[in-house]
């Protein structure tokens, strides 16, 4: 049996390009005792993969490596006592159409009536990131003002809604008028800023947040974050969940120094890694499912069809192609 | 009765100058019932006063304001039931040789055999800042590596020693070879870096901290902090206690962006204000006194004599004139 495989042909300089990826066809071995044959169904593509290509996110990806990301697969054949044909499984998978696996680190997915793809988005590490990062670092209190960057993205769109559920006034920042309109009308945010359409993001933040910013849920970094952080209140919390504006930098990027503001305003700035919350995933998924079932949490998925389009979907993250979670259906 | 008074003549631009201050002589009123006549004995001068002059530290100081800082005074006359002549009292005091006071917000100081001036330094808000900021934000664990900036200063010299008492390997950064020698031989630090004498602070930090930096206790900000933060380990904590390198800035100062590092390394960066710990001062002072009595905590005071020299002592903070706490004896 043959399977397409996507490798990182070379490390990108700046924004990733199609030429940074290469597809090869490999012949799969027959499965042995203790092994499974999997057919991948969905892959998640995420900004942190870019950070792996520059060594910022550990472990790094090197030129020649097979790409991998979180995905969902179906068991086609099993010589492993823990799995049966037809089982849906979730884990990190190499970018292959089919793969032979020893079952280590993969779990059977009981989707409980939700779409399978949801478990790569709102019910996966992106939704869980929004939930745990906001609750544990942001510590929202009713009546506080929260700003979310990358607010139409996978994590930001969920984080903003959870902020609303926790009683905050929520302002989102995104890169198009359509996204701003979606945040307001569908997600229920109190306001939205199109950063591409604004002479001064800081002035817009001030206009939308007359009482200052208590929580900044940051997915992007860069000048957007400079602007929001300049409007933080005393004892404000900056939840640093991602920094997509910086992942493509080819050199150290300079911005206004933060430490004077940190001391003047007693700010807390903290980075977040979802893997640290592995023991609490089940609790988080139950909470997110309840909110969805109760109609309190909306989500979007941008689904790109075709295994061959994995690189293109990934590259699309850096030009705002996705509303909500970007997913590739194999 | 007459008393000299020091006012802020005008807001400094950059490093404060003598011309930013002015001294006038005022005639004191006779004290009324409920009032005290105080003679000031010691004043603390601190970097945060500069931050008040640019509005960073609240409440700000404006041109024409009488200067004030933490001080110790003696009760000369009392028509207040709570105070007797000879009592030593501690509070924030205006920069006056003598003053009439209604007793509000001042406490009688029981110095328990320690020098009065110690209560403006190691047993005052500077020692307490070192203790609470390190314990509560730095959360040191035995075996971790801690770097202190402004390490020969009032807060830094105490923070580094408390780091040692808590089992950390401690490296200090200061601005002269004498200070480095003092940190190593008297304070017991594991190493010291003279930042004025080093082509690359980051390289020196790497050399002294082969296992990376777990805690950075920052009093200075600026390029020193850029260098140390670039060497932080995953889950490192940056205790932002001061930012003296930035207080004199006349414009927004740029440096390498921190947020990518924050997310890659899951850093925590948090600002500290000692006033938030007022309820725990008594507990902290007892701990600091015990360490001093047991010979486990060394401290230095740079005492400048003469009320008239208050501005000069304050300005001296910005060119490294002090070893340990800078205090003016009236």
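Chains as they are written, first to last, in this note's numbering: chain R, 1 to 330; chain E, 1001 to 1330.
Ideal placement from N, C-alpha and C gives every residue a C-beta, glycine not left out.
Cβ-Cβ separation, residue j to residue i (assumed contact under 8 Å), whole Å
i: residue 1238 of chain E; j: residue 1267 of chain E; result: 6 Å
i: residue 1116 of chain E; j: residue 1078 of chain E; result: The pair is not a contact, with the Cβ atoms about 19 Å apart (cut-off 8 Å).
i: residue 1263 of chain E; j: residue 1269 of chain E; result: Not really, about 12 Å apart at Cβ, beyond 8 Å.
i: residue 206 of chain R; j: residue 325 of chain R; result: Not really, about 31 Å apart at Cβ, beyond 8 Å.
i: residue 946 of chain E; j: residue 1165 of chain E; result: In the structure as shown, chain E begins at 1001 and stops at 1330. Residue 946 of chain E is therefore absent and cannot be evaluated.
i: residue 1011 of chain E; j: residue 258 of chain R; result: Contact doesn't hold; Cβ gap of about 24 Å is too wide.
Residues of its chain near residue i, where Cβ-Cβ distance is below 6 Å and the 5 sequence neighbours each way are ignored
i: residue 235 of chain R; result: 266
i: residue 1002 of chain E; result: 1025 and 1027
i: residue 318 of chain R; result: 15
i: residue 1060 of chain E; result: 1052
Residue i to residue j span [Cα, whole Å]
i: residue 203 of chain R; j: residue 231 of chain R; result: 9 Å
i: residue 1132 of chain E; j: residue 52 of chain R; result: 37 Å
i: residue 332 of chain R; j: residue 1050 of chain E; result: Here chain R covers residues 1 to 330 and nothing more, so residue 332 of chain R does not appear.
i: residue 152 of chain R; j: residue 1019 of chain E; result: 54 Å
i: residue 222 of chain R; j: residue 199 of chain R; result: 16 Å
i: residue 99 of chain R; j: residue 138 of chain R; result: 40 Å
i: residue 110 of chain R; j: residue 1055 of chain E; result: 57 Å
i: residue 1057 of chain E; j: residue 260 of chain R; result: 10 Å
i: residue 1084 of chain E; j: residue 1075 of chain E; result: 7 Å
i: residue 1168 of chain E; j: residue 1140 of chain E; result: 7 Å
i: residue 184 of chain R; j: residue 218 of chain R; result: 19 Å
i: residue 1033 of chain E; j: residue 1048 of chain E; result: 35 Å
i: residue 330 of chain R; j: residue 314 of chain R; result: 14 Å
i: residue 181 of chain R; j: residue 150 of chain R; result: 14 Å
i: residue 148 of chain R; j: residue 278 of chain R; result: 24 Å
i: residue 275 of chain R; j: residue 1112 of chain E; result: 51 Å
i: residue 1029 of chain E; j: residue 1245 of chain E; result: 41 Å
i: residue 1233 of chain E; j: residue 1086 of chain E; result: 53 Å
i: residue 1082 of chain E; j: residue 1282 of chain E; result: 20 Å
Contacting residues, own chain, Cβ-Cβ under 7 Å from residue i (five flanking each side not counted)
i: residue 226 of chain R; result: 255 and 256
i: residue 22 of chain R; result: 7 and 9
i: residue 187 of chain R; result: 157, 160, 161 and 298
i: residue 1316 of chain E; result: 1322 and 1326
i: residue 80 of chain R; result: 34, 35, 36 and 103
i: residue 209 of chain R; result: 145, 147, 171 and 231
Cut-off 8 Å between Cβ atoms - residues of its own chain near residue i, not counting five sequence neighbours on either side
i: residue 1070 of chain E; result: 1043, 1044, 1046, 1090, 1091, 1092, 1093, 1120, 1124 and 1125
i: residue 312 of chain R; result: 18 and 304
i: residue 107 of chain R; result: 89, 90 and 91
i: residue 1175 of chain E; result: 1152, 1194, 1195, 1196 and 1320
i: residue 1299 of chain E; result: 1118, 1121, 1122, 1127, 1157, 1158, 1292, 1324 and 1325
i: residue 1068 of chain E; result: 1092, 1093, 1094 and 1095
i: residue 1250 of chain E; result: 1013 and 1014
i: residue 201 of chain R; result: 173, 193, 195, 223, 224, 227 and 228
i: residue 1063 of chain E; result: 1008, 1009, 1010 and 1011
CB contact flag (residue i, residue j, <8 Å)
i: residue 1309 of chain E; j: residue 1328 of chain E; result: yes
i: residue 1171 of chain E; j: residue 1143 of chain E; result: no
i: residue 1247 of chain E; j: residue 1229 of chain E; result: no
i: residue 95 of chain R; j: residue 66 of chain R; result: yes
i: residue 1271 of chain E; j: residue 1128 of chain E; result: no
i: residue 213 of chain R; j: residue 242 of chain R; result: no
i: residue 158 of chain R; j: residue 130 of chain R; result: yes
i: residue 88 of chain R; j: residue 307 of chain R; result: no
i: residue 1302 of chain E; j: residue 1321 of chain E; result: yes
i: residue 224 of chain R; j: residue 173 of chain R; result: yes
i: residue 97 of chain R; j: residue 40 of chain R; result: yes
i: residue 978 of chain E; j: residue 1161 of chain E; result: Coverage of chain E is limited to positions 1001 through 1330, which leaves residue 978 of chain E absent and any answer about it impossible.
i: residue 1145 of chain E; j: residue 1211 of chain E; result: yes
Under 7 Å from the C-beta of residue i: neighbouring residues of chain R
i: residue 1243 of chain E; result: 259, 260 and 263
Interface partners of residue i on chain R, CB under 9 Å
i: residue 1253 of chain E; result: 256, 257 and 260
Closer than 9 Å at the beta carbon, the chain E residues around residue i
i: residue 274 of chain R; result: Result: empty, since nearest Cβ-Cβ is about 11 Å, beyond 9 Å.
i: residue 270 of chain R; result: 1262, 1266, 1267, 1268, 1269 and 1270
i: residue 51 of chain R; result: 1260, 1263 and 1264
Amino acids of chain E, ordered along the chain, whose beta-carbon sits closer than 7 Å to that of residue i
i: residue 173 of chain R; result: Within 7 Å Cβ-Cβ: nothing; residue 173 of chain R doesn't reach chain E, min ~15 Å.
i: residue 56 of chain R; result: 1260 and 1264
i: residue 27 of chain R; result: None at all; the shortest Cβ gap to chain E is about 38 Å.
Closer than 8 Å at the beta carbon, the chain R residues around residue i
i: residue 1246 of chain E; result: 257, 259 and 260
Partners in chain E for residue i, counting only beta-carbon separations shorter than 8 Å
i: residue 240 of chain R; result: 1259, 1262 and 1263
* Which residues, in order along the region 213–230 of chain R, keep a beta-carbon less than 8 Å from a beta-carbon of chain A? -> Here chain A cannot be found, since the structure's protein chains are R and E.
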